[in-house]
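Asks: Right, I'll just put the structure down here and ask away after.
There are 2 protein chains.
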Amino acid sequence: MKIAVIGIGLIGGSIALKLRKKHFADYVFGVDFNEKHLEDAKSLGIIDEISSLENAVKNSELIIIAIPVDATREVLPSVLNLVDNHQTVMDVGSTKSGIVYAVKNHPKRNRFVPFHPMWGTEDSGPKSATAESFGGKAAVICNQNDSAEDALELAKEVAKNLDLHLLYMSAEDHDIHTAYISHISHITSYALANTVLEKEREEETIFQLASSGFSSTVRLAKSHPEMWVPIFKQNKENILDVLNEHISQLRKFKSALEKENYELLEELITNANRIRGILK
Amino acid sequence: MKIAVIGIGLIGGSIALKLRKKHFADYVFGVDFNEKHLEDAKSLGIIDEISSLENAVKNSELIIIAIPVDATREVLPSVLNLVDNHQTVMDVGSTKSGIVYAVKNHPKRNRFVPFHPMWGTEDSGPKSATAESFGGKAAVICNQNDSAEDALELAKEVAKNLDLHLLYMSAEDHDIHTAYISHISHITSYALANTVLEKEREEETIFQLASSGFSSTVRLAKSHPEMWVPIFKQNKENILDVLNEHISQLRKFKSALEKENYELLEELITNANRIRGILK
Chain D
1 MKIAVIGIGL
11 IGGSIALKLR
21 KKHFADYVFG
31 VDFNEKHLED
41 AKSLGIIDEI
51 SSLENAVKNS
61 ELIIIAIPVD
71 ATREVLPSVL
81 NLVDNHQTVM
91 DVGSTKSGIV
101 YAVKNHPKRN
111 RFVPFHPMWG
121 TEDSGPKSAT
131 AESFGGKAAV
141 ICNQNDSAED
151 ALELAKEVAK
161 NLDLHLLYMS
171 AEDHDIHTAY
181 ISHISHITSY
191 ALANTVLEKE
201 REEETIFQLA
211 SSGFSSTVRL
221 AKSHPEMWVP
231 IFKQNKENIL
241 DVLNEHISQL
251 RKFKSALEKE
261 NYELLEELIT
271 NANRIRGILK
Chain G
1 MKIAVIGIGL
11 IGGSIALKLR
21 KKHFADYVFG
31 VDFNEKHLED
41 AKSLGIIDEI
51 SSLENAVKNS
61 ELIIIAIPVD
71 ATREVLPSVL
81 NLVDNHQTVM
91 DVGSTKSGIV
101 YAVKNHPKRN
111 RFVPFHPMWG
121 TEDSGPKSAT
131 AESFGGKAAV
141 ICNQNDSAED
151 ALELAKEVAK
161 NLDLHLLYMS
171 AEDHDIHTAY
181 ISHISHITSY
191 ALANTVLEKE
201 REEETIFQLA
211 SSGFSSTVRL
221 AKSHPEMWVP
231 IFKQNKENIL
241 DVLNEHISQL
251 RKFKSALEKE
261 NYELLEELIT
271 NANRIRGILK
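Put into structure tokens, the structure is as follows:
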């Protein structure tokens with residue numbers, strides 16, 4: 001199958017590599033506004049052809065949009081303008097309500113399948129892309145009844161070939177859940193990095209001492225603003241809701257420490273330990 | 001060398017296994033108040049002999065105390081009471097000022113080397129112990145001038161055999177740095193787990209959706225209160241200081257979102273990205 005990947009970074013590149021490895025894609029058009037990324041993607045064998053958006057879309061059965069969520073909102077209507085009833089468009093965005101809203105009344109809305117694979121790393125660009133990606137993680141398809149049956153079937157095939165198991169929910173529910181499960185983690189990680197950078201002026205000491213625990217908690221703070229500012233912007237209300245709760249949970253720890261209430265501290269920790277049973 | 005390990009859990013057990021593998025230890029006495037842990041440690045080949053504290057200390061050249069930091073404060077003076085000038089005692093605690101203070105005027109103070117290997121996992125007990133531990137991480141020796149030269153030399157040998165590189169600092173500095181680099185990570189992780197457990201009542205959804213990012217940020221929330229309440233207690237002032245800063249950093253994200261000040265949001269994230277250069 002010929003596919004177009006719009007945005008040939010970590011996610012778009014990893015999808016291309018994996019679909020190629022599984023012999024699901026046999027020709028990949030790469031579209032990006034970053035010339036360097038396009039050249040890298042070509043020389044790394046991620047794409048077969050550097051292409052204009054129009055040419056890529058016109059000649060592909062499947063079009064995957066893997067760019068920041070604000071840009072997806074802009075580009076998606078133009079892509080749908082170009083497709084016919086035998087082509088399918090998927091995105092990979094971390095927020096869904098705004099994207100779905102942007103094409104709500106588009107005559108080709110049913111060629112679009114809102115898709116979110118719950119995988120990523122703190123790296124970006126085609127050089128970070130890998131065929132060893134996605135495996136065992138979940139992917140969400142939103143508002144499935146608004147997509148044509150054959151488009152949905154193709155999206156399921158894509159998920160299968162990426163070794164993702166599928167969940168179905170509304171775009172609104174998706175954005176609530178991802179605020180809890182993904183977006184807040186990034187904010188706490190960024191804020192933790194800023195805390196340590198603010199308080200710990202001796203950067204050499206951070207580097208020397210950083211335990212595996214710290215590295216793990218702060219890993220997401222390496223993620224780039226180009227991707228995350230638009231996510232926070234589009235999911236503002238849900239994220240603020242979770243962030244308020246998080247600050248209030250931190251205040252409980254603060255209060256327990258200040259009051260030397262170590263029984264409360266133990267309760268708070270024991271409650272948090274329940275995550276062990278949920279995350280295995 | 002005959003060694004005594006007091007507290008045969010994740011850390012004590014991993015030290016025993018690794019020192020044994022490196023042929024540094026050829027006989028290991030295991031001391032623990034948890035009978036099950038002792039039996040597990042024996043049958044897993046971590047220790048050679050289940051022993052009383054007194055017998056283990058009397059018959060070992062090196063005594064390693066690997067129990068929670070409050071218990072270390074209690075036990076350390078009794079251990080020093082039992083040793084002569086050819087024996088060395090090390091602890092592995094995540095806080096140091098309180099432990100050092102507890103034996104400040106002990107006549108055998110110079111047989112003790114305050115030691116902190118910056119490695120651990122969210123698991124506990126001898127079944128989690130592994131010889132594949134510590135490698136490449138840092139260890140801190142505190143207040144080195146208060147230890148006898150030969151005791152210090154032996155501690156260096158231990159660090160070398162555990163593949164740890166050594167840093168030297170005062171107990172006070174150690175406790176400030178670990179508040180930044182380790183203790184606050186645990187609090188944010190616990191608070192994040194509690195946030196998600198509070199807001200996300202659908203536990204099945206957490207399980208299904210949890211991205212690798214979330215799992216990584218919340219990993220430390222699996223750590224047990226038996227170990228961490230005493231650490232928070234003994235390092236209360238430093239942790240409160242960092243926790244206040246962390247809450248104020250989170251409030252900046254909150255305010256940027258509330259005011260839709262996306263330039264500030266980008267600045268906050270770009271600043272956090274600096275951690276990439278420091279942690280490689």
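First to last, the protein sequences are chains D and G. Residues in the first sequence are numbered consecutively from 1, following the UniProt record's numbering. Residues in the second sequence are numbered consecutively from 1, following the UniProt record's numbering. Don't be surprised by glycine CBs; every beta carbon is placed ideally from N, CA and C.
Is the shortest distance between the beta-carbon of alanine 210 of chain G and the beta-carbons of chain D less than 8 Å?
Replies: yes
Asks: Which residues, taken in chain order from the segment 122-135 of chain G, show a beta carbon closer than 7 Å to some beta carbon of chain D?
Replies: From the segment 122-135 of chain G, no residue has a Cβ closer than 7 Å to chain D.
Asks: One question on the structure: do asparagine 143 of chain G and proline 114 of chain G come within less than 8 Å of each other, judged by their Cβ atoms?
Replies: yes
Asks: Residue ranges of each beta strand (DSSP E) run of no fewer than 3 residues wholly in the segment 158-204 of chain D, ordered along the chain?
Replies: 165-169
Asks: Please go through the segment 62-87 of chain D and give each complete alpha helix (DSSP H) segment of 4 or more residues, from N-terminal end onward.
Replies: 69-82
Asks: Please determine, among G:Lys259, G:Thr270, G:Gln87, G:Phe207, the residue with the shortest C-alpha to C-alpha distance to leucine 279 of chain D.
Replies: G:Phe207
Asks: Can you grab the Cα-Cα spacing for the pair leucine 44 of chain D / leucine 38 of chain D, in whole Å?
Replies: 10 Å
Asks: Taking the alpha-carbon positions, what's the glutamate 266 of chain G to phenylalanine 253 of chain G distance?
Replies: 10 Å
Asks: Between G:Ser255, G:Ala66, G:Gly98, which has its C-alpha nearest aspartate 175 of chain G's C-alpha?
Replies: G:Gly98
Asks: Alpha carbon to alpha carbon, how far is leucine 162 of chain G from valine 140 of chain G? Give it in angstroms, no decimals.
Replies: 13 Å
Asks: From serine 128 of chain D to leucine 10 of chain D, what does the alpha carbon distance come to, in whole angstroms?
Replies: 5 Å
Asks: Considering only residues of the segment 4-35 of chain G, which uninterrupted beta strand (DSSP E) runs meet the minimum length of 3 residues and lie entirely inside it, listed in chain order?
Replies: 27-31
Asks: Hey, does alanine 272 of chain D have any beta-carbon neighbour from chain G nearer than 8 Å?
Replies: For alanine 272 of chain D, the nearest beta carbon of chain G is closer than 8 Å to its own beta carbon.
Asks: Check for me: the beta strand (DSSP E) holding proline 225 of chain G runs from which residue to which?
Replies: Unbroken run through proline 225 of chain G is the alpha helix (DSSP H), 225-234; no beta strand (DSSP E).
Asks: Does tyrosine 168 of chain D pass the burial test, meaning 16 or more other C-beta atoms within 10 Å, or should it be called exposed?
Replies: exposed
Asks: Give the straight-line distance between the Cα atoms of valine 103 of chain G and isoleucine 15 of chain D, rounded to the nearest whole angstrom.
Replies: Put simply, the backbone Cα of valine 103 of chain G is about 59 Å away from that of isoleucine 15 of chain D.
Asks: Comparing the C-beta of glycine 120 of chain D with each C-beta of chain G, is any distance below 8 Å?
Replies: In terms of beta-carbon proximity, glycine 120 of chain D lines the interface with chain G, with at least one pair separated by less than 8 Å.
Asks: Report back the beta-carbon spacing between histidine 177 of chain G and threonine 188 of chain D to the nearest angstrom; my notes put them in contact at under 8 Å.
Replies: No, histidine 177 of chain G and threonine 188 of chain D are not in contact; Cβ-Cβ is about 21 Å, not under 8 Å.
Asks: Give every residue of the same chain whose Cβ lies closer than 6 Å to the Cβ of asparagine 110 of chain D, excluding the five residues on either side of it in the sequence, and list them in chain order.
Replies: Ser147, Ala148
Asks: Kindly list, in the order they appear in chain D, the residues whose Cβ is closer than 8 Å to that of glutamate 200 of chain G.
Replies: His177, Tyr180, Ile181
Asks: Taking the beta carbon of residue 290 of chain G as the centre, do at least 16 other beta carbons fall within 10 Å, making it buried, or is it exposed?
Replies: The requested residue 290 of chain G does not occur in the structure, where chain G is confined to residues 1 to 280.
Asks: If you follow the alpha helix (DSSP H) that phenylalanine 214 of chain D is part of, which residue opens it and which one closes it?
Replies: 212-218
Asks: Could you tell me which residues DSSP puts in a beta bridge with phenylalanine 112 of chain D?
Replies: D:Val89
Asks: Thinking C-alpha only, which one of G:Tyr180, G:Lys156, G:Lys236, G:Glu61 is nearest glutamate 202 of chain D?
Replies: G:Tyr180
Asks: Kindly indicate if chain G contains any beta-carbon less than 8 Å away from that of tyrosine 262 of chain D.
Replies: yes
Asks: Counting only beta-carbon separations shorter than 8 Å, does glutamine 249 of chain D have a partner in chain G?
Replies: yes
Asks: Among all the DSSP beta bridges, which residues are the ones paired with alanine 131 of chain D?
Replies: For alanine 131 of chain D, which the question treats as bridged, DSSP gives no partner whatsoever.
Asks: Using C-beta distances below 7 Å, list every residue in its chain close to valine 186 of chain G, excluding the 5 sequence neighbours before and after it, in chain order.
Replies: Note that residue 186 of chain G is histidine in the sequence shown here, rather than valine. The residues are Leu220, Ser223, Trp228.
Asks: Can you tell me which of the three DSSP states lysine 104 of chain D falls into?
Replies: Under the three-state reduction of DSSP output, lysine 104 of chain D falls in the coil class, being neither helix nor strand.
Asks: What are the boundary residues of the beta strand (DSSP E) that alanine 138 of chain G is part of?
Replies: 138-142
Asks: Could you check how far apart the C-beta atoms of glycine 12 of chain D and alanine 66 of chain D are, in whole angstroms? I think they sit under 8 Å.
Replies: About 3 Å; that satisfies the 8 Å criterion.
Asks: Compile a chain-ordered list of the residues in the segment 50-71 of chain G whose CB is closer than 7 Å to at least one CB of chain D.
Replies: none
Asks: So, is the C-beta of leucine 167 of chain G closer than 8 Å to a C-beta in chain D?
Replies: yes
Asks: Any beta-carbon of chain G closer than 8 Å to the one on glutamate 172 of chain D?
Replies: no
Asks: When the Cα of aspartate 91 of chain G is compared with those of G:Lys22, G:Leu264, G:Leu243, G:Ala155, which residue comes out closest?
Replies: G:Ala155
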